[in-house]
Amino acid sequence: YISSYFTKKHIFGLNPFSSHFQNNKLSDLIELQSNGINIPDTYVNHVPETSNKLLVKDNWGFGGFGVNSYDKNKETNIYSEHIQAFITSDGGTDWRVLLINGKAFPYLIERHPSQNDFRTNKFQGGDSIIHDSNHGLYEPLTRIAERAGLILDIAYAGVDLKTGLEGNIYVLEVNRTPSLRFNKEFV
Numbered sequence: 231y232i233s234s235y236f237t238k239k240h241i242f243g244l245n246p247f248s249s250h251f252q253n254n255k256l257s258d259l260i261e262l263q264s265n266g267i268n269i270p271d272t273y274v275n276h277v278p279e280t281s282n283k284l285l286v287k288d289n290w291g292f293g294g295f296g297v298n299s300y301d302k303n304k305e306t307n308i309y310s311e312h313i314q315a316f317i318t319s320d321g322g323t324d325w326r327v328l329l330i331n332g333k334a335f336p337y338l339i340e341r342h343p344s345q346n347d348f349r350t351n352k353f354q355g356g357d358s359i360i361h362d363s364n365h366g367l368y369e370p371l372t373r374i375a376e377r378a379g380l381i382l383d384i385a386y387a388g389v390d391l392k393t394g395l396e397g398n399i400y401v402l403e404v405n406r407t408p409s410l411r412f413n414k415e416f417v
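If you read the sequence shown in the numbering used here, its first letter stands for residue 231, the second for the next number, and so on.
Shown next, in the form of structure tokens:
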């Protein structure tokens with residue numbers, strides 16, 4: 231109802247207003263996977279038998295809040311919106327690709343966790359390095375991020391990706407309202 235009201239009044243945002251009300255990270259992951267995008271193995275309200283290293287994630291979290299590690303050998307009770315297999319990468323690095331008008335911003339962010347945490351978010355003490363995304367080395371990341379935005383029908387987003395040790399690129403999540411608070415280097 232609200233999104234159609236805004237549309238009728240010719241009030242537009244960066245993304246369709248309906249996308250802000252559909253901002254559910256689990257449903258986004260399901261949609262991406264059904265369209266051929268690699269995502270980490272994802273489980274709903276149960277702990278798989280196959281993996282020891284897992285992430286417990288809230289559907290509505292931001293800045294790394296609502297994301298916790300889980301070791302099934304140490305913990306027995308769990309409640310979460312969804313659980314993901316932890317993707318191991320070189321140094322724990324992941325990538326943030328900003329989409330503006332559906333296209334990758336000319337710079338992407340290489341993110342590293344702090345020594346005390348697995349999360350790469352600045353809010354959690356992570357560090358980042360800015361790279362020129364026009365360099366051919368980053369083309370697979372930007373191509374996958376742009377495809378994710380197209381599949382989810384969003385023009386403005388922060389797409390978090392991680393390359394596993396086996397070389398596969400995974401979309402960890404799509405942030406429909408990414409913070410630019412720590413991205414002032416772009417301005």
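Each residue gets a CB set at the ideal place from its N, CA and C atoms; glycine is no exception.
Check                                                                                                                                                                            : Outcome
To the nearest whole angstrom, what separates the beta carbons of residue 271 and residue 404, a pair I think is in contact under 8 Å?                                           : Wrong, their Cβ atoms sit about 18 Å apart, outside the cutoff.
Closer than 6 Å by C-beta to residue 379: which residues in its own chain qualify, once you throw out the five before and the five after it? Chain order, please.                : 329, 332, 387
Please classify residue 357: is it buried, with 16 or more other beta-carbons within 10 angstroms of its beta-carbon, or exposed?                                                : exposed
Can you tell me whether DSSP reads residue 406 as helix, strand or coil?                                                                                                         : coil
For chain C, find out if any of its Cβ atoms is closer than 9 Å to the Cβ of residue 370; answer yes or no.                                                                      : Within the model displayed, chain C is absent; a lone protein chain is all it includes.
List, from N- to C-terminal side, the alpha helix (DSSP H) runs of 4 residues or more that fit wholly inside the segment 324-405.                                                : 369-382
Pull up the distance between the alpha-carbon of residue 393 and that of residue 407, whole angstroms please.                                                                    : 23 Å
Check whether the Cβ atoms of residue 402 and residue 267 lie closer than 9 Å to each other.                                                                                     : no
What do you get for residue 327, buried or exposed, if any count of 16 or more other CB atoms within 10 angstroms of its CB means buried?                                        : buried
For the ligand ATP, is there any heavy atom lying closer than 8 Å to the beta carbon of residue 404?                                                                             : With respect to the ligand ATP, the structure shown offers nothing to examine, as it has no ligands at all.
Drop a sphere of 10 angstroms on the beta-carbon of residue 251, count the other beta-carbons inside from all chains shown, and report buried for 16 or more, exposed for fewer. : Note that residue 251 has pLDDT 46, beneath the 50 cutoff, so the model's placement of it is unreliable and no number is given.
Taking the DSSP output, what are the residues bridged to residue 272?                                                                                                            : 314
When the Cα atoms are used, what is the spatial distance from residue 365 to residue 260?                                                                                        : 30 Å
For residue 319, collect the residues of the same chain with a Cβ closer than 7 Å to its Cβ; drop the 5 residues on either side in sequence, then sort them by chain order.      : 392, 393, 394, 395
Alpha helix (DSSP H) containing residue 320: first to last residue?                                                                                                              : Premise fails: residue 320 is in no alpha helix (DSSP H) and is neither H nor E.
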